[in-house]
Structure formats: C-alpha cells, structure tokens
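Residue numbering for the sequence shown follows this note's numbering, beginning at 1 and increasing consecutively.
Just so it is clear, CB atoms sit at the ideal spot from N, CA and C, and this is done for glycine as well.
Here the structure comes first, spelled out in structure tokens, and everything after it is commentary.
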Amino acid sequence: MHNSSLPLPHPDAVAHSHRLVATIKQTIQEAGGVIPFVEFMAQALYAPGLGYYSAGVHKLGASGDFITAPEISPLFSQCIAKQCQQVLTTFPDGVILEFGAGSGIMAAEILKTLASFNCLPTQYLILEVSADLRQRQRATLQAKIPELLNRVQWLDVLPSQPLHGIILANEVLDAMPVQRFRLDEQGVSEFYVGLANSDNNPTETPFIWQMLPTRDESLLQAVEMLRLSLPVGYVSEMNLALSAWIQSLADILAGGLVLLIDYGFPSREYYHPQRDQGTLMCHYQHHAHDDPLILAGLQDITAHVNFTAIAETALTANLQVSGYTNQANFLLACGLPELLSALDFNETKTYLQQTQQAKTLVLPSEMGELFKVMALTSHLDIPLLGFVRDERGRL
Ligand SMILES: C[S@@+](CC[C@H](N)C(=O)[O-])C[C@H]1O[C@@H](n2cnc3c(N)ncnc32)[C@H](O)[C@@H]1O
C-alpha cells in the first residue's frame, strides 16, 4: 500500500486506511470485480466516516497534506471580501454560501473584513460534506470571530429557497471525482479499478487498474468530440457531474455571483496534445505524486478544472459568465497592493512574512497563473471589481 519515496503513515492511519480499503473492496466485489475510477475516487475521498475528506485526518495547512490560498495568507480572503462587498452593496439582504470551507479560515477572515466595512451578509452558510471539517470550522470561527458565529449556519444540502448574494468555492471543484479515460485505436477506454491478488502479501497495494471500453454513453460522446485533435494513447479526465452541480447553483441563485477559484485551464490547454497523461494528482504530507490507488483515505486526490466546460455548462443553466482571470489579476484588482502598503513595516518580521505570502499568491511561478477565478452571475449587471483584466476570450 506504499511507495518508498513517500513518508510512512502512522500505524493508526494504516489501520484507518485498511477499514476504507475493506469497504472499497466490498463495493468492487459486489460490482462484479471492477468499478469505474470515478467511483473509486468518490469513496476514497468521501466514503462516510472513512474517506479522506469525511474522516478525521489533518488535511490542510503546514501539518497536513497540502496548503490552500486562505491558509497561506489572510490577504487572500480580504481580497475576496472586497469582491463580496461589491455584490452585497447591490443585494443588501444577501447571504454568502461557501462550499467546502476547509478549516474555516476563509469564512472567518471574510466575515471579519465585511464587519469592518459594515457590510455583513445576513447569513454565512457553509455547505460541508465532511463532519470532521465542520467541527474544525466551528472551532476556527469560535476562536476568531465569536461575536459573528450566530450568522454562520452549516447545511447538508443546498437551501430549498432561492437566495441572493454570493456562492463561493475555493479549491472545491478540483476535489470532485472525475472519470479517467484513454484514447485507443478502437475507441475510448475508461480506467476501472479492480482487486490485486495481494492475499499473500498484504503490504502490496490492494487495487489495480483495469482498462475497459467505457460503458458510459455520456463519457463516450464527450470524449469523441476531443478525439480528432488528440493522439492514440492520450490519457485525461472529465468531470461529468459538473453540469448538475452548476445547474443546482443556477436553480437557487435568484441574484448575485458564483465565484469559483481553482487550478485549471481552458479546454484547449486542458486537452493539449502534450498533456497526454492528464492532470490527476495526489497529495500526501506535502508530497505530490500520481498514484491514486495507494494510501486510500490518507491522501488527497485531485484533478485540474476545465474552465471552458464550466462556462459552457453555466450558459446552458442560464447563468452569465461575467469574468475569468487568473488569481494574480483578481487579487491585484481587489486591492492586494493597497492591503500590502497598509502593513506596518516597523513590525519587520510580520511585514516580511506577509509580503512573502502575498508573493506566493500572485507570482506566476507559484499560484498566480495556474489558479483561475471565474465569475458566474444571475441578475447582477455590474462591472465586477476583480475582473478588470478579463480573459474570457481565452475560454
Ligand atoms: C481542497 S479542499 C479546500 C478547502 C477550502 N475551501 C480551502 O480553500 O482551504 C476541498 C473541499 O471541498 C469539499 N467538497 C468537495 N466536493 C464538495 C461538494 N460537492 N459540496 C461541498 N463541498 C465539497 C471537501 O469536503 C473539502 O472541504
């Protein structure tokens, strides 16, 4: 179950992983010997009480497996708050709904900043699939903004009533299960996951890849559209659940902004002939590697986001695509330079730390270019603050 270049998991973590492995094995056996990778990824990340995001592993931050922008610097969330302020000025009774709020640090910083602008949302809703992360979010908010905790409400599902305001998702789309395919001479193969014959050697990975012609008509159709421009043997991913997700947002957003921030590219770059092994990536204790079949439940599995697919889906769902830019452009337009110049450089250590963190957010070699920000809107006809350098033409 291990790769020798990665740190060894603690015995408790190994025991936890074995429980998840047993569950996935059972699913595979019940399915007749294989499951599509998308199902494997869903279980590895979200199996109730056992999956990577559903269980109590310390995922985010320096002591976890990866670090996200709001964990790097409060300046990130302060810039998002500026964009929220602009929308909340249009919808004074508006709410904020955040998907997958991680440690809760972005929610805390946004609320604190909006309170200082006297522009609080009536409610801050958090839709979180992980019970463990909910607890962590509550603890963060209790510690950082106890006076505003009464505005925060956790949801299991989307609200049934339409809402006005802002829907936020930072690094949520990359954590959604994807289908993985390969273009073959004969057609489209899909990556399935089967069981290794590891009974005699329990230390080996219990899962193996199985390539089969896809049984999924929608995947077949979507991939056939790419085939002409790509070589045989080409491997990539597709998130076919995306359109239902975007549609569900369109259904509840009566007016306002959906702000999506994630790493990814437009379709042309995503399915570039040279990106012939796709974008699937795993994160374990700050080591990145490409084997999702090991360390079940202990590592993050992600795929980059195809922003053209989001834009197309959004248009079909009657949302407007009102902006697309990279993270650096977005943060600079939302006032990052002003926030930096307001720092006290007599506090040398903090000053240097914060400027260094800001560099990580905006430098092209760090997060500035790979991370993109997309604005989808409903009944919101204003030039959005963060999208002065708009790159929708690249989609
Ligand atoms: C990489 S973490 C990002 C956490 C946080 N937004 C941050 O930036 O630090 C991905 C998060 O997305 C959540 N997530 C994934 N799919 C989701 C969905 N369909 N609905 C709500 N949350 C989801 C996961 O549970 C997890 O909290």
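Using CA coordinates, which residue listed in the options is at the minimum distance from residue i?
i      : options                           : result
Arg215 : Val38, Leu395 and Arg394          : Val38
Leu195 : Leu293, Gln137 and Ser243         : Leu293
Glu237 : Val188, Ala244 and Asn197         : Val188
Leu220 : Gln186, His18 and Pro162          : Gln186
Ala42  : His304, Cys334, Asp300 and Phe307 : Asp300
Gly49  : Val129, Asn197 and Lys144         : Val129
Asp381 : Leu127, Leu114, Ser365 and Gly256 : Gly256
Phe40  : Gln83, Glu190, Ala342 and Ala143  : Glu190
Thr89  : Thr68, Pro121, Ser341 and Pro273  : Pro121
Leu149 : Val157, Phe99, Gly165 and Gln123  : Gln123
Thr360 : Pro70, Ala311 and Asp156          : Pro70
Val34  : Ile67, Trp154 and Pro206          : Pro206
Ala169 : Ser54, Val21, Thr68 and Ala22     : Thr68
Thr27  : Gln142, Glu366, Val193 and Gly368 : Val193
Gln210 : Gly32, Ile80, Ala22 and Pro7      : Gly32
Arg268 : Met225, Ile208, His289 and Thr113 : Met225
Cys334 : Ala22, Ser5 and Leu75             : Leu75
Ala13  : Phe91, Leu295, Val178 and Cys84   : Leu295
Gln247 : Ser378, Ser17 and Gly64           : Ser378
Leu20  : Tyr53, Leu8 and Pro364            : Tyr53
What does the alpha-carbon distance come out to for the pair residue i and residue j?
i      : j      : result
Met374 : Gln86  : 16 Å
Leu395 : Asn346 : 44 Å
Thr313 : Pro266 : 13 Å
Asn239 : Ile24  : 21 Å
Ala244 : Gln78  : 30 Å
Pro213 : Gln29  : 19 Å
Thr316 : Phe307 : 14 Å
Pro202 : Ser218 : The pLDDT assigned to Pro202 is 47, lower than 50, so where the model puts this residue is not dependable, and the model offers no usable value.
Asn326 : Leu242 : 21 Å
Gly104 : Asp184 : 44 Å
Leu376 : Leu45  : 27 Å
Ala107 : Gln135 : 14 Å
Gly51  : Ala342 : 42 Å
Asp132 : Asp291 : 25 Å
Ala115 : His272 : 44 Å
Leu228 : Tyr234 : 12 Å
Lys433 : Ile145 : There is no way to answer for residue 433, as the model of the chain reaches only from 1 to 395.
Leu158 : Thr348 : 45 Å
For a test of the three-state rule: what should DSSP assign to residue i, helix, strand or coil?
i      : result
Glu224 : helix
Pro70  : helix
His333 : Per the sequence shown, the amino acid found at residue 333 is Ala instead of His. DSSP places Ala333 in helix when its eight states are reduced to three.
Tyr46  : helix
Arg180 : strand
Met374 : strand
Val14  : helix
Val21  : helix
Gly386 : helix
Pro121 : coil
Ala296 : coil
Asp174 : helix
Asn239 : coil
Leu95  : A quick correction: the sequence has Val, not Leu, at residue 95. If DSSP states are grouped into helix, strand and coil, Val95 belongs with the strands.
Gln277 : strand
Val129 : coil
Glu190 : strand
Pro202 : Legend: pLDDT at Pro202 = 47, less than 50; position of this residue unreliable, value from coordinates given subsequently. Note: Pro202 maps to coil in three-state DSSP.
Asp251 : helix
Thr325 : strand
Tyr53  : coil
Tyr351 : helix
Ala342 : coil
Pro146 : helix
Which whole-angstrom value is the C-beta distance of residue i and residue j, which I expect to be below 8 Å?
i      : j      : result
Gly386 : Gly323 : 7 Å
Ile126 : Val152 : 7 Å
Asp174 : Asp262 : 5 Å
Val321 : Arg392 : 6 Å
Gly165 : Gly100 : The Cβ separation is near 18 Å, so there is no contact.
Leu332 : Val362 : 7 Å
Trp355 : Leu340 : According to the sequence as given, residue 355 is Thr; it is not Trp. Between Leu340 and Thr355 the Cβ distance is about 6 Å, and since that is below 8 Å, they are a contact.
Ile167 : Val258 : 4 Å
Leu163 : Leu249 : About 10 Å; that fails the 8 Å criterion.
Would you call residue i buried or exposed, if buried means 16 or more other Cβ atoms sit within 10 Å of its Cβ?
i      : result
Arg389 : exposed
His10  : exposed
Phe371 : buried
Asn118 : exposed
Arg180 : buried
Asn200 : Because Asn200 sits at a pLDDT of 49, beneath the cut-off of 50, its placement in the model cannot be relied upon, and the following sentence gives the value as read from the coordinates. So Asn200 counts as exposed.
Pro383 : exposed
Asp156 : exposed
Thr302 : buried
Ser73  : buried
Pro337 : exposed
So, is the C-beta of residue i closer than 8 Å to a C-beta in chain B?
i      : result
Asn197 : The chain labelled as chain B is not found in the depicted structure, where only one protein chain is given.
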